[in-house]
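Everything below concerns the one structure shown next.
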Amino acid sequence: MFEARLANGNIFKMIVESIRELVVDVNIDCSTEELSIQCMDSAHVALVSMSLSQSAFDHFRCDRSLSLGLNLPNVSKIFKMMGRDDTMVLKAEDSADKLMLMFENDKSGTIADFELKLMAIEAEQLGVPDTAYKCSISMPSSEFQRIVRDLQVMGDTCKISCTKEGLKFSATGQIGTGNILMRQNVASEKEEDHVTIDMEEPVELNFALRYLNFFTKATPLSPTVILKMSPGLPIVIEYPIEQLGHVKYYLAPKMEE
Amino acid sequence: TPMQNDLSEFFAMV
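Chains as they are written, first to last, in our numbering: chain A, 3 to 259; chain B, 5 to 18.
Shown next, in the form of structure tokens:
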């Protein structure tokens, strides 16, 4: 059987929120080490990869690997009923035809339980190679969210270029062009406010702003976002979840005609 | 406007 108890159930709620605008049906893979998700959006433009280590849980038991096939809009409806400080418990039998969810709150003494029918979802697994990227940028996730949200008024495509000057986001449309430059900045005492740019060679790639905005739904999961780029390759946008896991998005670049 | 690439062109199915 599978049984997992997460004291901060809100983490799981935020994970669901971070992917539900990209995919509808998803398998959560349970193993002895972790819960994980890998799925592509229906347009095959973006890939989400999530991992949450068993060490994130107060209790974790998974007798044999299983996939929980979930409909995210339904899961999201159930999580709307979860309180901010609730503990979450997940349970499934090895047959994995239903998932039990429990939201417990010691303070108010409430226990909510739900039984969710699971689906058999045929998933295409992609092999993502472990690549050494030419540019790696770490920046506050709230800044990244603000930039890609603000640039939407200028156009549909964002050019992201990493040079010695810094990291530049540009969008061009009918009304003109907008550029936002982030320079390396490690002045703040708080490490989460730092912008660090690790560049081996300059990279310039174009991406759909619509997708970059979908990815920023993961902002509440992490104060920091890590962008990794290499010429001609999909960008990696990673939101680390403390030392316990991550949500990573891969987005295929647009190519000039 | 640039054309959108398909992600499966970069990552093979396993």
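Even for Gly, the Cβ is constructed at its ideal location relative to N, Cα and C.
Please list the partners that lysine 256 (chain A) has in chain B, where partner means a Cβ-to-Cβ separation under 7 Å.
Within 7 Å Cβ-Cβ: Pro6, Met7, Gln8 and Asn9.
Drop a sphere of 10 angstroms on the beta-carbon of alanine 122 (chain A), count the other beta-carbons inside from all chains shown, and report buried for 16 or more, exposed for fewer.
It counts as exposed.
So leucine 223 (chain A) packs on methionine 16 (chain A), CB below 8 Å; how close in whole Å?
Contact between leucine 223 (chain A) and methionine 16 (chain A) is confirmed by a C-beta separation of about 5 Å, below the 8 Å threshold.
Quick check on this structure: which residue in A:Asp132, A:Asp27 and A:Asp88 has the alpha carbon closest to the alpha carbon of serine 232 (chain A)?
The option with the nearest alpha carbon to serine 232 (chain A) is A:Asp132.
Short-range partners of chain B found in the stretch 233-252 of chain A, where Cβ spacing is below 8 Å:
The residues in question are Leu235, Pro236 and Tyr252.
Using the Cβ count rule (16 or more neighbours within 10 Å means buried), how would you classify methionine 184 (chain A)?
So methionine 184 (chain A) ends up on the buried side.
Between which two residues does the beta strand (DSSP E) holding glutamate 5 (chain A) run?
Glutamate 5 (chain A) -> beta strand (DSSP E) spans 4-8.
Between the stretch 100-120 of chain A and the stretch 52-68 of chain A, do at least 3 Cβ pairs fall closer than 8 Å?
As far as the Cβ criterion goes, the stretch 100-120 of chain A does not touch the stretch 52-68 of chain A, which means the pair count is below three.
How about asparagine 73 (chain A): is its Cβ closer than 7 Å to a heavy atom in the ligand GTP?
The model depicted lacks the ligand GTP and carries no ligand whatsoever.
Under a CB-based cut-off of 8 Å, is threonine 159 (chain A) close to chain B?
Residue contact with chain B for threonine 159 (chain A): present (Cβ-Cβ distance below 8 Å to some residue of chain B).
With a threshold of 16 other CB atoms inside 10 Å of the CB of glycine 11 (chain A), please say whether the residue is buried or exposed.
So glycine 11 (chain A) ends up on the buried side.
Rounded C-alpha distance that separates cysteine 41 (chain A) from proline 75 (chain A)
The alpha-carbon of cysteine 41 (chain A) is positioned some 15 Å away from that of proline 75 (chain A).
Closer than 9 Å, Cβ to any Cβ of chain B: which residues of the stretch 32-46 of chain A, in chain order?
So the list reads Met42, Asp43, Ala45 and His46, given in the order they occur along the chain.
Which runs of the beta strand (DSSP E), 3 residues or longer, sit entirely within the stretch 172-222 of chain A?
Counting whole runs of 3 or more residues, the stretch 172-222 of chain A contains the beta strand (DSSP E) stretches 178-184, 198-201 and 205-210.
Quick check: aspartate 87 (chain A) and leucine 8 (chain A), are their CB atoms within less than 8 Å of each other?
Contact flag unset, no.
Given a cut-off of 8 Å on the beta-carbon distance, is the pair glutamine 154 (chain A) and asparagine 215 (chain A) in contact?
In contact: glutamine 154 (chain A) and asparagine 215 (chain A) (Cβ atoms closer than 8 Å).
Own chain, CB closer than 6 Å to glycine 85 (chain A), minus 5 neighbours either side, in chain order:
Cβ neighbours of glycine 85 (chain A) beyond the five flanking positions: Asn107.
What are the residues that DSSP puts in a beta bridge with threonine 165 (chain A)?
BP columns for threonine 165 (chain A) point to A:Gly168.
Looking only at its own chain, which residues have a Cβ that is under 8 Å from the Cβ of proline 255 (chain A), when we skip the five neighbours before and after it?
Result list for proline 255 (chain A): Leu207, Asn208, Phe209, Gly234, Leu235, Pro236 and Ile237, in chain order.
Quick one: what does DSSP say aspartate 99 (chain A) is sitting in, helix, strand or coil?
Per DSSP, reduced to three states, the secondary structure at aspartate 99 (chain A) is coil, with no helix or strand assignment.
For methionine 16 (chain A), name the three-state secondary structure that DSSP assigns.
For methionine 16 (chain A), the secondary structure class from DSSP, reduced to helix, strand or coil, is helix.
Assigned secondary structure, asparagine 76 (chain A) (DSSP; H/G/I helix, E/B strand, else coil):
The answer is helix: DSSP assigns asparagine 76 (chain A) an H, G or I state.
The stretch 113-129 of chain A / the stretch 35-51 of chain A touching (three or more Cβ pairs under 8 Å):
They touch, by the three-pair rule.
Give the straight-line distance between the Cα atoms of valine 150 (chain A) and leucine 211 (chain A), rounded to the nearest whole angstrom.
Cα to Cα, the separation comes out at about 7 Å.
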